[in-house]
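Here is the structure we will look at.
Residue numbers (the UniProt record's numbering): 1 to 537.
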């Protein structure tokens, strides 16, 4: 679009309206991704609805659709492939026979000649010993089963109360934002305009710490405790994300009088008719009240900034996701600088003149939070999957965010953080992380897929304007660019009577392959036990 499409100012959808030009380049406006940012290649509404653009006859609507759908399919393929590779690596089980002897006599690499590499190898061996000791202690630990059950029930009750309180707080903030939208956001300050995003970011920052305190009651194995922690934070993030979507739909309904998925479509169509009627009246006023249907007079030249335009709900959705990504990024940076760096400076320099040992007591150095960082990445990736269809440049913003946060967090880990006290073999949880990523990928693509299949696109912006459904670009391409027999074959192939048996066959094949894989795994474990028994004779 940037290379071959029409430039800025050539069309109303690519031009800032006259009423907004005075503030279009203000920092506050650009920080809110309005003004020139709103009418740029960053968002959906900027893209052409012509079938072909440029001297290459590039098919913009078809490309926009296929890239969006193909990205989702490729993401599913990569995540499932990674899970399958992890399952193959973990399929043989762990050989714990003479574990400490093997680590003692075979761990060192005698080809190491670099002192720094030797120090890293020494730290790695030390950590592996700690992991093995923890595993051995957990296998021999005895506990009061009744007290443990009571504490675990109490911990789950407290976690559910925290999740319910988080949901109620978001609901309360959403209702406040709707009230602000009705009264006009220009009458309120920065906090009121960004209250929903900031509350979500603050909940994502403080609730994991509260869950970590609650998990100390349960006395689980460290690896199982981490999975419970991740599950609770995942439920928190997922509830926040879908609450945000519902809030976004209501907000756009109030601000733009244009309804998103799950709204009343008759009201939407009536609102669109009103906008189109107003545009017709404006066009008629250019010709002194008459609309020349067969006139041969040259058309009147009007600046695109003066042309009235309809609402573009896709761009509004993209703006909200970009704002949420930016606010989440800023919250992460502030947390690192205040929560980690200033805390480490205080502990380091005030430890000599304090009443107790600050390094080993309260507040001490902050631990590197595995669960918080992993869930932060998963939640961030879910936002990108959900919002990239409405803001095509959102992945580029996320790449920049990940690069900067990687170096900042690397500096924080080396200078401000300490390892977690509880050591365990974390590699066994790889597929657990990927399963959570797969689940949030599925949930993140539902709104976009529903939009593509069921919701009429905006009539005045975006590559699908003028169509009743976004997926009609496929039938249009088959009709104009392929032979008629190919369209008939595609129609037969997309028939539900053929698709449903194919899906059933795929499900049966997956079930058969899964059962075969389990039997092979059990056979391998049985052979391994036999080899161990022969070796021990």
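The beta carbon of each residue, even a glycine, is placed where N, CA and C say it ideally should be.
Original post:
Which of the three DSSP states, helix, strand or coil, is assigned to residue 34?
Top reply: Residue 34 sits at position 34 when you count from the first residue of the chain shown. DSSP places residue 34 in coil when its eight states are reduced to three.
Original post:
Is the number of C-beta pairs between the segment 152-162 and the segment 211-222 that are closer than 8 angstroms three or more?
Top reply: yes
**OP:** Verify whether the separation of the beta carbon atoms of residue 145 and residue 438 is less than 8 angstroms.
**Re:** Residue 145 sits at position 145 when you count from the first residue of the chain shown. Residue 438 sits at position 438 when you count from the first residue of the chain shown. The answer is no: Cβ separation not under 8 angstroms.
Original post:
Should the segment 41-56 be called in touch with the segment 314-327, which here means at least 3 C-beta pairs below 8 angstroms?
Top reply: yes
Original post:
In the DSSP assignment, what residue or residues form a beta bridge with residue 349?
Top reply: Start at 1 with the first residue of the chain shown, and residue 349 comes out as number 349. Beta-bridge pairing links residue 349 to no other residue.
Original post:
Cα-Cα, which of 123, 160, 434 is closest to residue 77?
Top reply: Taking the chain shown and counting its residues from 1, the one referred to as residue 77 is at position 77. The option with the nearest alpha carbon to residue 77 is 434.
**OP:** Would you check if there are 3 or more beta carbon pairs closer than 8 angstroms linking the segment 441-449 to the segment 11-30?
**Re:** no
Original post:
Are at least three pairs of beta-carbons, each pair with one atom in the segment 317-329 and one in the segment 381-389, less than 8 angstroms apart?
Top reply: yes
Original post:
In chain order, what residues of the same chain have a beta carbon less than 6 angstroms from the beta carbon of residue 12, not counting five sequence neighbours either side?
Top reply: One-based indexing of the chain shown puts residue 12 at position 12. Excluding sequence neighbours, residue 12 sits near 304, 307, 309.
Subject >> Candidates 18, 50, 51: closest to residue 35 by CA position >> reply: For this step, residue 35 is matched to residue 35 along the chain shown. Comparing Cα-Cα distances from residue 35 to each of 18, 50, 51, the minimum goes to 18.
**OP:** Examine the Cβ distances between the segment 56-65 and the segment 456-474 and report whether three or more of them are shorter than 8 angstroms.
**Re:** With the cut-off at 8 angstroms, the segment 56-65 and the segment 456-474 touch.
Original post:
Is the distance from the Cβ of residue 391 to the Cβ of residue 42 below 8 angstroms?
Top reply: Start at 1 with the first residue of the chain shown, and residue 391 comes out as number 391. Start at 1 with the first residue of the chain shown, and residue 42 comes out as number 42. Their beta carbons are under 8 angstroms apart, which means residue 391 touches residue 42 by this criterion.
Original post:
What did DSSP end up calling residue 291 once you bin it into helix, strand or coil?
Top reply: Numbered from 1 along the chain shown, position 291 holds the residue referred to as residue 291. Any reading at residue 291 must be qualified, since the residue scores a pLDDT of 48, below 50, and its modelled position is unreliable; the value itself is stated next. Correct three-state label for residue 291: coil.
Subject >> residue 49 (DSSP reduced to helix, strand or coil) >> reply: The residue you call residue 49 lines up with position 49 of the chain shown. Coil, per DSSP.
Original post:
Which residue or residues does DSSP assign as beta-bridge partners of residue 538?
Top reply: The structure shown does not extend to residue 538, since the chain is modelled only from 1 through 537, so no value can be given for it.
**OP:** Taking 8 angstroms as the cut-off, decide whether the C-beta atoms of residue 505 and residue 490 are in contact.
**Re:** Translated into the one-based positions of the chain shown, residue 505 becomes position 505. Translated into the one-based positions of the chain shown, residue 490 becomes position 490. Remark: C-beta atoms of residue 505 and residue 490 do not approach each other more closely than 8 angstroms.
**OP:** Drop a sphere of 10 angstroms on the beta-carbon of residue 39, count the other beta-carbons inside from all chains shown, and report buried for 16 or more, exposed for fewer.
**Re:** Taking the first residue of the chain shown as position 1, residue 39 is located at position 39. Buried.
Original post:
Between which two residues does the alpha helix (DSSP H) carrying residue 320 extend?
Top reply: In the chain shown, counting from the first residue as 1, residue 320 sits at position 320. Element bounds for residue 320: 313-334.
Original post:
So, is residue 538 buried or exposed, given that buried needs 16 or more other C-beta atoms within 10 angstroms?
Top reply: This structure leaves residue 538 out entirely; the chain is present only between 1 and 537.
Subject >> Anticipated Cβ contact below 8 angstroms, residue 413 with residue 365, distance rounded >> reply: Indexing the chain shown from 1 puts residue 413 at position 413. Indexing the chain shown from 1 puts residue 365 at position 365. Wrong, their Cβ atoms sit about 11 angstroms apart, outside the cutoff.
Original post:
Under a three-way DSSP split, which group does residue 366 fall into?
Top reply: Locating residue 366 in the chain shown gives position 366, where the first residue counts as 1. Note: residue 366 maps to strand in three-state DSSP.
Original post:
Are residue 378 and residue 322 close, meaning C-beta to C-beta below 8 angstroms?
Top reply: Stepping through the chain shown from its first residue, residue 378 is reached at position 378. Stepping through the chain shown from its first residue, residue 322 is reached at position 322. Cβ distance not < 8 angstroms, so residue 378 and residue 322 don't count as in contact.
Subject >> Separation of residue 15 from residue 430, as counted between CA atoms >> reply: Here the question's residue 430 lines up with position 430 in the chain shown. Here the question's residue 15 lines up with position 15 in the chain shown. Cα to Cα, residue 430 sits roughly 48 angstroms from residue 15.
Subject >> the segment 195-206 touching the segment 232-243, judged by at least three CB pairs closer than 8 angstroms >> reply: yes
Original post:
Less than 8 angstroms separating the beta-carbons of residue 162 and residue 210?
Top reply: By 1-based counting over the chain shown, the position of residue 162 is 162. By 1-based counting over the chain shown, the position of residue 210 is 210. It is a contact, given that the beta carbons lie within the stated cut-off.
Subject >> Beta-carbon spacing of residue 496, residue 369 below 8 angstroms >> reply: What you label residue 496 is simply residue 496 of the chain shown in a count that begins at 1. What you label residue 369 is simply residue 369 of the chain shown in a count that begins at 1. No, the Cβ-Cβ distance between residue 496 and residue 369 is not below 8 angstroms.
**OP:** Determine the direct distance from the alpha carbon of residue 376 to that of residue 342, and round the result to whole angstroms.
**Re:** Taking the first residue of the chain shown as 1, we reach residue 342 at position 342. Taking the first residue of the chain shown as 1, we reach residue 376 at position 376. If you take the alpha carbons of residue 342 and residue 376, they lie about 22 angstroms apart.
**OP:** For residue 399, name the three-state secondary structure that DSSP assigns.
**Re:** Residue mapping note: residue 399 aligns to position 399 of the chain shown, counting from 1. Helix, per DSSP.
**OP:** Have a look at the DSSP bridge pairing and note the partners of residue 418.
**Re:** Start at 1 with the first residue of the chain shown, and residue 418 comes out as number 418. DSSP, once it has assigned bridges, lists 367 as partnering residue 418.
Original post:
What is the rounded straight-line gap between the Cα of residue 546 and the Cα of residue 481?
Top reply: Nothing in the structure corresponds to residue 546, since the chain is present only between 1 and 537.
**OP:** Taking the CB atoms as reference points, tell me whether residue 173 and residue 196 lie closer together than 8 angstroms.
**Re:** The sequence position of residue 173 within the chain shown is 173, counting from 1. The sequence position of residue 196 within the chain shown is 196, counting from 1. Cβ distance < 8 angstroms, so residue 173 and residue 196 count as in contact.
**OP:** Flag this pair as yes or no: are the beta carbons of residue 432 and residue 227 separated by less than 8 angstroms?
**Re:** By one-based count along the chain shown, residue 432 stands at place 432. By one-based count along the chain shown, residue 227 stands at place 227. Yes, the Cβ-Cβ distance between residue 432 and residue 227 is below 8 angstroms.
**OP:** Identify the continuous alpha helix (DSSP H) that holds residue 359 and give its terminal residues.
**Re:** By 1-based counting over the chain shown, the position of residue 359 is 359. Element bounds for residue 359: n/a, residue is neither H nor E.
Subject >> residue 416 classed as buried or exposed, judged by whether at least 16 other C-beta atoms fall within 10 angstroms >> reply: Position 416 of the chain shown, counting from 1, holds the residue named residue 416. It is buried - the Cβ of residue 416 has at least 16 other Cβ atoms within 10 Å.
Subject >> Under the three-state DSSP convention, the category residue 167 falls into >> reply: Along the chain shown, read from residue 1 onward, the residue named residue 167 stands at position 167. Residue state, collapsed to three classes: helix.
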